[in-house]
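A.B. asks:
Number of protein chains: 2
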Amino acid sequence: MVKAFIFDVFGTCVDWRTSVAREVAAVLPQVDALAFADAWRAEYDPAMARVREGNRGYVPLDDLHLENLRTVARRFGVDAPDSLNAAWERLDPWADVTSGLSRLKQKAIIAPCSNGSIALMTRLARYAGLPWDCILGAEIARDYKPKPAVYLAACAALRLDPSEVMMVAAHNGDLHAARATGLKTGFIPRPTEYGPTQTADLEPGDKWDIIARDFNDLADKV
Amino acid sequence: MVKAFIFDVFGTCVDWRTSVAREVAAVLPQVDALAFADAWRAEYDPAMARVREGNRGYVPLDDLHLENLRTVARRFGVDAPDSLNAAWERLDPWADVTSGLSRLKQKAIIAPCSNGSIALMTRLARYAGLPWDCILGAEIARDYKPKPAVYLAACAALRLDPSEVMMVAAHNGDLHAARATGLKTGFIPRPTEYGPTQTADLEPGDKWDIIARDFNDLADKV
């Protein structure tokens, strides 16, 4: 019996790519906004890897995003205002998310289990209308997914056994890590997260506990 | 400019006394339920004091509540089921709270800054209809109010300066501590929190930044 659903956010709940590109276009009209968004996002995993691997103490994603913004701006030969970092707080949800989450919330606790900070997830939820019961994820674990500590900290914060919690993501890697930690798993495809030429995570990569078309289909199936 | 309102919960948002008494009466009909609720609550501060003073590591309030339940049940000469501990997840809000919070949420971030755990605050919010943007408080600080660390951890989690955050409480002591830590302060009286013979916190004890009759009056005044 699943007592809580926890969610990947970037890509699974919100379309970061076109949203960030929109914000980039507004302040840096001279660059290819989608290319800039992709380059910014490409620095995400390497930045977290330094924390995951113990080469750096925990730094909230907001700060990593800002460092990465400066790196990418240099590469594109532009001066980006620091305020552009708030682009990550203004990401549009996929069309099914707010209705699906509202339905799931009637059945169980719902919370993000994102690598975003509490501040970032809070502001994004207000922008995108994500009706979370609480904010879980990297900051309460002070480490980054897919480290087991992040999933376990989310379950511990809810005082639930991992077997009572389902991780929902559009990314097979996230679900492999959650399953290895004892959580239930739910897969939703987001085949255009990385644009029209996306090649990864188009299909479920394992027999996940639930495989759904979108958040409303997930709500139907639980 | 206040960018976030953070709230004491027990007493300020919810009427713990009559709610806990109702749950006590349902499973321990042989005891004076209000007296039992008062005795249970009276163990709250001494239990946290051991953590605050460094004589014990951080223990979530759920566990302190359970230890206190057993202490009080022994004193009343009854066997209390552990399940009674969930009474603290089913506390009724004061009549003005859900409407007032919904209005305040349109103006700024709203979050509890309670000594309750994330799990307890999450389940209570679902029961009582408290529309928090996120859950802050003791658990993210791993210490208990009125230690400054708890207020500071709440501001840090929101990436706000303490001067941008208003602590709202029915208890002057909570507000003295919050003000000393640099936060703005809002006072709401709850003159029957401890029953009809309450003597403390009937009036504001200082010139708090906002003094309001209830949560809707607070929403009017900000």
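Just so you know, the sequences run in chain order U and X. FYI, this note's numbering numbers position 99 of the first sequence as 159, with every residue one higher than the one before it. FYI, this note's numbering numbers position 170 of the second sequence as 230, with every residue one higher than the one before it. Ideal Cβ placement from N, Cα and C applies to all residues, glycine included.
(1) Within 8 Å (strictly less), CB to CB, does Ala147/X reach chain U?
(2) Does the Cβ of Ala198/U have 16 or more other Cβ atoms within 10 Å, making it buried, or fewer, making it exposed?
(3) Give a yes or no on whether the minimum CB-CB distance between Arg250/X and chain U is below 8 Å.
(4) Output yes if chain X places a C-beta closer than 8 Å to the C-beta of Thr182/U; else output no.
(5) For the putative contact between Thr182/U and Asp193/X, defined by C-beta atoms under 8 Å, what is the C-beta separation to the nearest angstrom?
(6) If you reduce the DSSP assignment to three classes, tell me which class Asp266/X lands in.
(7) Of all the residues that make up the region 193-207 of chain U, which are near chain X by a beta-carbon distance shorter than 9 Å?
(8) Give the interface partners of Leu243/X over in chain U, defined as CB-CB distance under 8 Å, in chain order.
(9) Which residues bound the beta strand (DSSP E) around Val225/U?
(10) The alpha helix (DSSP H) that contains Thr131/U, what's its start and end?
(11) Quick one: Cα of Lys207/U to Cα of Ala237/U, how far?
(12) Is it true that the CB of Lys205/U sits closer than 8 Å to the CB of Val225/U?
(13) On a Cα-Cα basis, can you pick out the residue from Asn276/X, Pro264/X, Ala85/X that is closest to Val157/X?
(14) Using Cβ-Cβ distances below 9 Å, what residues of the region 217-239 of chain X are close to chain U?
(15) Have a look at the DSSP bridge pairing and note the partners of Ile66/U.
(16) Kindly indicate the opening and closing residues of the beta strand (DSSP E) around Lys281/U.
(17) Whose C-beta lies closer than 6 Å to the C-beta of Ala214/X among residues of the same chain, with five residues either side of it excluded?
(18) Which of the residues in the region 114-131 of chain U, read from start to end, lie with their CB under 7 Å from any CB of chain X?
(19) So, does the region 77-90 of chain U touch the region 136-147 of chain U, judging by three or more C-beta pairs under 8 Å?
(20) Ala185/X touches chain U at which residues, Cβ-Cβ below 9 Å?
(21) Can you list, in chain order, the residues of its chain with a C-beta nearer than 7 Å to that of Gly233/X? Leave out the 5 residues immediately preceding and following it.
(22) Rounded to whole angstroms, how far is the Cβ of Ala107/X from the Cβ of Leu124/X, which I believe are closer than 8 Å?
(23) To the nearest angstrom, how far is it from the Cα of Arg77/U to the Cα of Glu263/U?
(24) Does DSSP classify Lys48/X as helix, strand or coil?
(25) Are the CB atoms of Ala230/U and Asp261/U within a distance shorter than 8 Å?
(26) Nearest-angstrom Cα distance between Thr257/X and Tyr187/U?
(27) Any beta-carbon of chain X closer than 8 Å to the one on Ala179/U?
(28) Where Phe136/X and Val91/X are concerned, what is the direct C-alpha to C-alpha distance, given to the nearest angstrom?
(29) Mind pulling the chain U residues with CB within less than 8 Å of Ile169/X?
(30) Would you call Asn185/U buried or exposed, if buried means 16 or more other Cβ atoms sit within 10 Å of its Cβ?
C.D. replies: In this structure, then:
(1) For the purposes of this step, residue 147/X is identified with residue 87 of the second sequence, where counting begins at 1. It does not: the Cβ of Ala147/X has no partner Cβ on chain U nearer than 8 Å.
(2) Locating residue 198/U in the first sequence gives position 138, where the first residue counts as 1. Buried, since its Cβ has 16 or more Cβ neighbours within 10 Å.
(3) To locate residue 250/X, count along the second sequence from 1; it is residue 190. Chain U contact via Cβ: absent.
(4) Here the question's residue 182/U lines up with position 122 in the first sequence. Cβ-Cβ to chain X under 8 Å: yes for Thr182/U.
(5) Against the first sequence, residue 182/U aligns to sequence position 122. Against the second sequence, residue 193/X aligns to sequence position 133. With a Cβ gap of about 5 Å, Thr182/U and Asp193/X count as contacting.
(6) The sequence position of residue 266/X within the second sequence is 206, counting from 1. Coil, per DSSP.
(7) Asp193, Cys194, Ile195, Leu196, Glu199, Ile200
(8) Along the second sequence, one-based indexing puts residue 243/X at 183. Chain U residues near Leu243/X: none, gap ~16 Å exceeds 8 Å.
(9) As a working note, residue 225/U is residue 165 in the first sequence. Segment 225-229, the beta strand (DSSP E) holding Val225/U.
(10) Counted from its first residue, the first sequence places residue 131/U at position 71. It spans 121-136 - the alpha helix (DSSP H) in which Thr131/U sits, taken as one unbroken run.
(11) As a working note, residue 207/U is residue 147 in the first sequence. As a working note, residue 237/U is residue 177 in the first sequence. Cα-Cα distance, rounded: 7 Å.
(12) Reading the first sequence from its first residue, position 165 is the one you call residue 225/U. Reading the first sequence from its first residue, position 145 is the one you call residue 205/U. No, the pair does not count as a contact, with Cβ atoms beyond the cut-off.
(13) Counting from one through the second sequence, the residue named residue 157/X turns up at place 97. Answer by Cα proximity: Asn276/X.
(14) Ala217, Leu218, Arg219, Leu220
(15) Taking the first sequence and counting its residues from 1, one reaches residue 66/U at position 6. Answer by DSSP bridge pairing, in chain order: Ala171/U, Met227/U.
(16) Your numbering for residue 281/U matches position 221 in the first sequence. Segment 275-281 is the alpha helix (DSSP H) holding Lys281/U; no beta strand (DSSP E) there.
(17) To locate residue 214/X, count along the second sequence from 1; it is residue 154. Closer than 6 Å at Cβ, skipping near neighbours: Ile66, Cys173, Leu196.
(18) Asp122
(19) yes
(20) Position 125 of the second sequence holds residue 185/X. The contacting residues are Asp193, Cys194.
(21) On the second sequence, position 173 is the one that residue 233/X refers to. Result list for Gly233/X: Pro206, in chain order.
(22) As a first step, residue 107/X must be located in the second sequence, where it is residue number 47. As a first step, residue 124/X must be located in the second sequence, where it is residue number 64. At roughly 4 Å, the Cβ-Cβ gap stays under 8 Å, so Ala107/X and Leu124/X are in contact.
(23) Position 17 of the first sequence holds residue 77/U. Position 203 of the first sequence holds residue 263/U. Looking at the two C-alpha atoms, the distance is approximately 20 Å.
(24) Examination of residue 48/X is not possible in this model, given that chain X is present from 61 through 282 alone.
(25) Locating residue 261/U in the first sequence gives position 201, counting from the first residue. Locating residue 230/U in the first sequence gives position 170, counting from the first residue. A contact, by the Cβ cut-off of 8 Å.
(26) Residue mapping note: residue 257/X aligns to position 197 of the second sequence, counting from 1. Residue mapping note: residue 187/U aligns to position 127 of the first sequence, counting from 1. Using only the alpha carbons, I get a separation of about 45 Å.
(27) Taking the first residue of the first sequence as 1, we reach residue 179/U at position 119. It does; some Cβ of chain X falls within 8 Å.
(28) Residue mapping note: residue 136/X aligns to position 76 of the second sequence, counting from 1. Residue mapping note: residue 91/X aligns to position 31 of the second sequence, counting from 1. The alpha-carbon atoms of Phe136/X and Val91/X are separated by roughly 7 Å.
(29) Working through the second sequence from its first residue, we reach residue 169/X at position 109. Residues of chain U passing the Cβ test: Thr182, Arg183, Arg186.
(30) Taking the first sequence and counting its residues from 1, one reaches residue 185/U at position 125. Here residue 185/U turns out to be Ala, not Asn, going by the sequence shown. Classification of Ala185/U: buried, given that the 10 Å Cβ count is 16 or more.
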